[in-house]
Amino acid sequence: MRISTSQMHSQSVNQMLDLQRQAADTQNQIASGRKYRTAADDPLGALRVERLNRELAVREQYQRNMDLAESELRLEEASLDQAGNLLQRVRELTVQAGNPVNSVQDRAFIAAEIETRMNELMALMNTRLASGDYLFGGNVGGQPPFVRDAAGAILYQGDEGQRAVQIDGAIRLPVNDSGRRLFVDIPASRTTAVGYAADNPPGGSGALTPPQVVDRAAFEAFPDGGVVIEFQPLGDDPDGLPNFTVRRIGDNRVVGGLENVRFEAGAAVTVAGVEFAIEGSPRAGDRFVVEATDKQGVLSTLDVLIGGLRSLPAGGVGDDAYQELIADSLNNIDNAMGSILEVRSEIGARMGVMDSVRGLHEQVSELSRSVKSGIEDVDFAKAISDLNQQTLVLQAAQQSYVRVSRLSLFDAI
Amino acid sequence: MSNSSLINIGLSGVRAHQQALATTGQNITNASTPGYSRQRVNLEAQVTTGAGTGMQGVLVQGVERIVDEATLGQLRLDTSSSARLDALSEQLAQVDLLLADEATSLNRGFDAFFAALQSAASSPTSLPGRQLVLSEAEGLVMRFQSLDGRLREQRAAVNRQAQGEIDAVNRLATSIGELNARLTGLEAQDGNTNALLDQRDELLRQLAERVDVRTVAEGKLGMNVFVGKGQALVVGATVRTLELSASGAVTVSGEAGGAGLAVDVRGGSLGGLLGFREQTLDPVINDLGRLALAFAGTVNEMHGEGLDLRGAYGGNLFADLNAASAVDNRVVAANQMANASTVTLGVRIEEPTALMASEYRVRFLDVGGTFEVRRESDGTVVANGSIGAARPQAVSFDGLSLEIGEGEIRAGADFRVTAAALGVNDLGVALRDPRDLALAGPVAFLTGDANQGSGQIALSTVDDVGTPLFSGTGELLPPLLVRFTADNRYEVLDATDRLNPRPLNPPMWGLPFVPGGVQALLPDADQQLIVADGQDANALPDAVATSLDLGAVANAVGSETLRLSRIDPQSGAATALGSVAIQPGMSARAVAAALEQLDGVSAAARTELTISNLRDNGIGEPLTVAVNGERLVLAPGSSLDDLADAISASATLRDAGIRARSDGTTLTLTAERGDDLSLHVAGDVTDGITVSDSRGASLDLDGAGPGDVFATVSVAGSVRLLLESGLRLESDSAVPGGGLFSAAPVAQPAGLGFQAGISGRPRAGDTFEIRFNDAGNLDNYNALALAELQVRAMLGDPPISFSEAYSGIVEKVGIRTSQTRTDAQAAEALLQQSVARRESVSGVNLDEEAANLIKFEQGYNASARVVSVAKEIFDVLLGAVA
């Protein structure tokens, strides 16, 4: 083919430009350490790297979540360890109190120490997290979960919420246990009665004292579903004074003829073997519920124990009741310790899950990083040898261009 | 032969070679001139036809331009193609680089936002943690805006560049027109046209760099130029101009001020720019906008399902996508008729994850409002019909809802819907106070204090806070109580008064519980609930039957056939799935058992009646009441309470699931499994009871004196069905109320708006309260649900996650850039070949010209010698004569 002079020049120049570009690309790769800069350089590789980046980011987040979860679980475990120690001490004191040689005075001393331990325990049950929220209130972190109301009854103000954190795509790890599960819903050695105010509107100041089973035989007939003590309109009383009616919750039948009973603050009321009193001044419409339950909170157990140690007479019939109290209390304390141990073993299991998931995350992340490096990192040996090759060819092109372009017939004319 | 002829021959040679040398000189000096074609002097031996030798020397026929029109045509094609791909590749590289930049990557923003949510989930009460979520949301919005802004800047630059190319095209076209005119003139004068032709070919080549052109020769030297699909740009000396319209389309001016014709420019750098704008830039802007809308809409929806630190439902985290201005801005008039129409149009985002990255055109075909909505990305008609006169109306398509308001519609009105393109525009963070971040779930669960079993309930999902249950502030309407009526059966009640729970409306009793694992507590969101107690089917017959024994009495249920069918959501066509025939007198329990066999149906039955006004004269025959054959003789002076106690005390009845509850004035008798309840009453004529059914119709059962003569009635129960979505149940019951079911049983939505899971082993009598979660500030249900969006595939079909959607955009641009780069290289190679071919034909080779120089110089010298020889001959002759 005929070749024009300008064509000869431009072709050579184009070739040299091309070689220069290739060399510059290779140089860029070596300088940046990456095989490509944008998705266009390797669309499939870029997509895979992007996926791996997402995966690494998500796994990194799971690791951070686990760090937080671990600190909360460790705090909970430490608190429970301490609570267990306190209960162990109380148990020893109770055993000691069971010794028949103890005088009334001795019992009072023991009661005093148990009370101290109980206050310590209650403080522990109201432990706060670093954020200032209460650890054992379930999802209710803003108020102390365990408080004593006006009538001296222990109230649980938290809920049963269990918070979880995501530690893997499919695993949500619980990081707390509610105070109710740990310290309230504890199997009691015998069926007991429990009472609470039923969402009364603000205004009245009535409070129910902890109900006590005073007559086991009568208690057998305690209505299923419990009873409600409802304050009636003042007009229902001949003298227009506060009065209440006790009904079965299941069908609203009046229990034991307790209809429009005149209210006296603090006066004991007995329903089917359960004795309780209402303190303060409730208003018409206020309601209080008393139920039979197989559970007893650890603080209630200690309340009953301390009360018994201080009030039960020594000797005679009193001794039987006293020994019964000691036996029940020991049983209930053991159950409370069992409840704590159960949760502690769950915490241990959660830590175990976390360790294995953490290991998995680390392994997979390591693998992802190496795959990613394989896709996007430069193979320096290859890149440098490429660069050598390219510069060599460029040099040859430049030299041959100079040689060829120097030839001209005009030089000979 | 005359001597003068020899001189003439020599002279012709001198002249011819002079011309040849001049042409060679021209070639040499123009060796580097762009577009120059080498020229050649065409020589011809001159002869005459008269007497004599006829030899006349050499004649210069003309100076020829060495060109090959086919090669030039190919060169123009390849130039257009290469210029197009170069422009495309250059623009794509900019987008590619922008999207590849980790600093502006949206995925970085997504990661940071979700990481902040995860941290907030770990510590929901931490205000700095909540603030971080808001800051990262801001950061994400800024990333969206920065990307969108850069793309729009590029779009403006592309338009400016296109305008520049169009100006150049118009300049070139004008020059070509002028050359055409001069060439026509020269043709007439037979002048040398080579330089002008070269010039015109070069202009055409430059034109081809900008647009794809087709040329048609006119006459010997004229050249007409066409662009697009054959629109004339230059015809002879007449030149039209290209224009860039406001909407960005290219038009060519029409005849004398007529309307411009749209030109479909495909090639050249202009074609590359326009193609880039339409096929890459606008789709990417739409993709980003759609991602912004889908993300903000989904997050807002989910955020609204949670509770903030103050116990209120979450507000919009991102700006309301359906703010009035945003709704209006999404529709713009696209033609004159649309401008003249007064109808108000707006577009709302209804289903963010169903959005498509496309523009839509809404065309009204006539004044009656026959319309058609076309998706521009693929030309599919997504909605059509006629809106008629009733306004306002809404038309739904692709997750959008077009709201057509009042006002006149002109026939042919054409509107553009630019929801996706404006997506990033509509994006913003609306929430300012970190306390307003809704991280908690809306409900809390309370296990009954006296529960015997180990059952536990926890929140699974919140599906919809638009249900009545969540319509209150700071409370559930109503709060719920789950009560186990047996170890394996429970009911859900209205616990507005916790100590006296009432049935829900619609009622939810007889739900089965299977111990083991975690079981859904409530019907699913899309299930339908049917409660059938017939119009009168379990009502009391008019007359009281009498009986001499306690044998079973038939209830009043009539026969009917129930048919179950599946309704196709699109066509509404029904497919039969099965049927159940109900025999007269069948108990609700038997009906439920039969229905339970049908796929997609779960059924439960229960019978309930009330007894009041117990009358006993206390003497003579004792009042005797038999419940389902169990004879209960009441002592004189007994009350309803005593009857209730007697029923409760019967082990036979307890085992049959029959319970009684009396509050002193009313005794409620319930058959837990839906068996018929039959009552037999005997006693003195003044003795008796009053029986009422669940709707309040009542009937007296009185004694008939001595002997076991019983007044008797049998009451059938109710059936409660849960149907999967899309199923329909029909009854053929001819007599209204003849059967348990009405002809078209009303199916109500069964979902309450949330789902909970129940685990463990509850026992009969156990209760669980479901309350508004007003105190649970540590609850992180919604934070986890929001954080899960990071990996949840929910956008489009098949669904992908938000991050994947962004990666998809980057990948799409990357692949296109890489492909275009390869194509551009191939086109460049083809262009090089075409250039080489043209150069091979028309280019100047200096060595060749040097040789020509020597050759023509020698020819010149030799011709001069011919003249001198002629002179010498003449001189010799003269000398001889002299």
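Chains as they are written, first to last, in our numbering: chain A, 102 to 514; chain B, 4 to 885. We put the beta carbon where it would ideally sit given N, CA and C, even for glycine. Note that this is a predicted model, so its numbers are computed, not measured.
Inset, instruction - Use the C-beta contact count for alanine 540(B): other C-beta atoms within 10 angstroms, 16 or more gives buried, fewer gives exposed. - result: The predicted model places alanine 540(B) with a pLDDT of 49, which falls under 50 and marks its position as unreliable; any figure quoted below should be read in that light. Alanine 540(B) is buried by the Cβ-count criterion.
Inset, instruction - Answer with buried or exposed for arginine 505(B), where buried requires no fewer than 16 other C-beta atoms within 10 angstroms of its C-beta. - result: exposed
Legend entry - Between the CA atoms of arginine 840(B) and aspartate 800(B) - distance to the nearest angstrom: 52 Å
Inset, instruction - Locate the alpha helix (DSSP H) running through leucine 176(A), then write down its first and last residues. - result: 144-198
Inset, instruction - Would you check if there are 3 or more beta carbon pairs closer than 8 Å linking the segment 148-155 of chain B to the segment 181-197 of chain B? - result: no
Legend entry - Below-8 Å beta-carbon distance, isoleucine 352(B) vs any chain A residue: no
Legend entry - Simplified DSSP assignment, three categories, for isoleucine 876(B): helix
Inset, instruction - Please list the residues of the segment 613-625 of chain B that have a C-beta atom closer than 9 Å to any C-beta atom in chain A, keeping them in chain order. - result: none
Legend entry - Among Phe279(B), Glu791(B), Asp436(B), Thr345(B), nearest to leucine 91(B) - alpha-carbon criterion: Phe279(B)
Inset, instruction - Establish whether the CB of alanine 484(A) and some CB of chain B are separated by less than 8 Å. - result: no
Inset, instruction - Could you tell me whether the Cβ of arginine 388(A) comes closer than 8 Å to any Cβ of chain B? - result: yes
Inset, instruction - Return the chain-ordered list of same chain residues with a C-beta closer than 8 Å to the C-beta of valine 398(B), the five sequence neighbours on each side being excluded. - result: Phe374, Val376, Ala386, Gly388, Ile390, Ser404, Leu405, Ile407
Inset, instruction - Report yes or no: do three or more beta-carbon pairs, one from the segment 145-165 of chain A and one from the segment 415-434 of chain A, lie closer than 8 Å? - result: no
Legend entry - With 16 other Cβ atoms within 10 Å as the buried cut-off, status of leucine 148(A): buried
Inset, instruction - Determine the chain B residues that contact glutamine 267(A) at a beta-carbon separation under 9 Å, and present them in chain order. - result: Gln121, Ala124, Leu787, Ala790, Glu791
Legend entry - Exposure of glycine 270(B), with buried meaning 16 or more beta-carbon neighbours within 10 Å: buried
Legend entry - Where glutamine 522(B) falls: helix, strand or coil (DSSP): strand
Legend entry - isoleucine 876(B) classed as buried or exposed, judged by whether at least 16 other C-beta atoms fall within 10 angstroms: exposed
Legend entry - Enclosing beta strand (DSSP E) for proline 515(B) [first to last residue]: 505-515
Inset, instruction - Please list the segments of the alpha helix (DSSP H) lying wholly inside the segment 72-104 of chain B, counting only runs of 4 or more residues, in order along the chain. - result: 72-103
Inset, instruction - Assess, as a yes-or-no matter, whether the segment 56-69 of chain B is touched by the segment 220-237 of chain B under the definition of 3 or more beta carbon pairs within less than 8 Å. - result: no
Legend entry - glutamate 190(B) beta carbon near the ligand GTP (any heavy atom closer than 7 Å): As far as ligands go, the structure on display features none, and thus does not contain the ligand GTP.
Legend entry - Start-end ranges of the beta strand (DSSP E) lying completely within the segment 376-452 of chain B, minimum 3 residues: 384-389, 396-400, 403-407, 417-420, 446-450
Inset, instruction - Using a Cβ-Cβ cut-off of less than 9 Å, give me the residues of the segment 116-128 of chain A that come near chain B, in sequence order. - result: none
Inset, instruction - Could you check which residue in Asn220(A), Gln500(A), Ser471(A), Met223(A) has the C-alpha nearest to that of valine 150(A)? - result: Ser471(A)
Legend entry - Buried or exposed (CB count within 10 angstroms, at least 16 for buried), alanine 81(B): This sequence places aspartate at residue 81(B); alanine is not what is there. The residue is buried, with at least 16 neighbouring Cβ atoms inside 10 Å.
Inset, instruction - Establish whether the CB of serine 501(A) and some CB of chain B are separated by less than 8 Å. - result: no
Legend entry - Residues in the segment 86-99 of chain B having any Cβ partner in chain A nearer than 8 Å: Leu95, Ala96, Asp99
Inset, instruction - Starting from aspartate 352(A), find everything on chain B with Cβ-Cβ shorter than 8 Å and list it in chain order. - result: Ala647, Arg664, Ser665, Asp666
Inset, instruction - Determine the chain B residues that contact serine 401(A) at a beta-carbon separation under 9 Å, and present them in chain order. - result: Result: empty, since nearest Cβ-Cβ is about 12 Å, beyond 9 Å.
Inset, instruction - Give a yes or no on whether 8 Å exceeds the smallest Cβ distance from asparagine 361(A) to chain B. - result: no
Legend entry - Rounded straight-line distance, which links the Cα of glutamate 860(B) to that of asparagine 11(B): 19 Å
Inset, instruction - Count the other CB atoms, across all protein chains shown, that sit within 10 Å of the CB of threonine 402(A); report buried if there are 16 or more and exposed otherwise. - result: buried
Inset, instruction - Run the CB neighbour count on asparagine 289(B), radius 10 Å, all protein chains shown included, and call it buried at 16 or more, exposed below. - result: buried
Inset, instruction - Give a yes or no on whether 8 Å exceeds the smallest Cβ distance from alanine 140(A) to chain B. - result: yes
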